[in-house]
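Colleague: Starting off with a structure, shown below.
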Amino acid sequence: MPTKIKSKPGLRKAFSASPKELQDYFEHIPKLLDDFPMHVCLAYVFSRLELGQNMALYCGAVRIHKVNAEVASNAVGTQHLTRKNFVSLYKTVFDVDIPTAAHADLKSAETTRDMVMHGKKPTDGKIRNAIARVLEYAEEINKQLNAQHGLKPFGDLRGFAGKSKKLDKRTSRFLLKGMGFEIS
718 MPTKIKSKPG
728 LRKAFSASPK
738 ELQDYFEHIP
748 KLLDDFPMHV
758 CLAYVFSRLE
768 LGQNMALYCG
778 AVRIHKVNAE
788 VASNAVGTQH
798 LTRKNFVSLY
808 KTVFDVDIPT
818 AAHADLKSAE
828 TTRDMVMHGK
838 KPTDGKIRNA
848 IARVLEYAEE
858 INKQLNAQHG
868 LKPFGDLRGF
878 AGKSKKLDKR
888 TSRFLLKGMG
898 FEIS
């Protein structure tokens, strides 16, 4: 059950209680909370969320499936990722579902994000809680992928691929296409 965030100081406290790699990954949250309206911070966390989701797919393809890094980068970079499509690709790449509770919490945050992006005005309380849900989701994804594959897509990824031999570009393209990536 997610923590209910009742104030900006409560959100700062929740952020400070997050693991160090998440604080580093979402480094601008404290300054955004101080200097901008809440919806700006929400847009930032969703921008970082989507980057982290792309990195998860990229890292999974390269580390687990030994796909050529350049081909994986192009495939993920050109993939039109919808929410549903990401869930499907995540399952295919990692052979595991997104943690259920974290995914449910993210859906509520996405509803608030959609309101903001489409010119509606959710309450600051909804926005605060949406930001907290994104942080919790990112933490759960990091925990799951770190435990199973040594990856933290919402963190420092230096050395994630190791020195193992990767597939050639042609084979990498076929593999990614078979996984559901839109490869030209």
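Numbering of the sequence shown is given in the numbering used here, commencing with residue 718 and proceeding in unit increments. C-beta atoms are modelled at their ideal positions from N, C-alpha and C, and glycine is treated no differently.
1) Below 8 angstroms, can you find three or more Cβ-Cβ pairs linking the region 838-855 to the region 735-744?
2) State the Cα-Cα distance for the pair A734 and T720, rounded to the nearest angstrom.
3) List the endpoints of the continuous alpha helix (DSSP H) containing E827.
4) What are the start and end residues of the alpha helix (DSSP H) that includes Q796?
5) Checking 8 angstroms against the spacing of the C-beta atoms, do Y807 and S790 come in under that value?
6) What separation, rounded to the nearest whole angstrom, lies between the Cα atoms of V784 and V762?
7) In terms of residues, what are the limits of the alpha helix (DSSP H) holding R850?
8) Count the other CB atoms, across all protein chains shown, that sit within 10 Å of the CB of A731; report buried if there are 16 or more and exposed otherwise.
9) Check for me: the alpha helix (DSSP H) holding F743 runs from which residue to which?
10) Under 8 angstroms by Cβ, that's how I've got I722 and R845 pegged, so tell me the actual separation to the nearest angstrom.
11) Do D873 and E738 count as a contact pair if the criterion is CB distance below 8 angstroms?
12) Is the region 833-848 in contact with the region 751-758, if contact means three or more CB pairs nearer than 8 angstroms?
13) Going by the CB atoms, is the gap between R729 and P747 shorter than 8 angstroms?
14) If I measure Cβ to Cβ from M718 and keep anything under 7 angstroms in the same chain, skipping five residues before and after, which residues do I get?
15) Would you report the Cα separation of A885 and M896, rounded to the nearest angstrom?
16) Between the alpha carbons of L749 and I815, how many angstroms are there, rounded?
17) I need the DSSP call for E899, collapsed to helix, strand or coil.
Modeller: Let me spell this out:
1) yes
2) 12 angstroms
3) 817-834
4) No alpha helix (DSSP H) holds Q796; DSSP gives it neither H nor E.
5) no
6) 29 angstroms
7) 841-866
8) buried
9) Premise fails: F743 is in no alpha helix (DSSP H) and is neither H nor E.
10) 5 angstroms
11) yes
12) yes
13) yes
14) Any answer about M718 is weak, because its pLDDT of 46 lies below 50 and its placement is not dependable; what the coordinates show is given next. Nothing meets the Cβ criterion.
15) Sequence inspection shows Asp at residue 885; the Ala mentioned does not correspond to that position. Rounded to whole angstroms, D885 to M896 spans 16 angstroms at the Cα level.
16) 29 angstroms
17) coil
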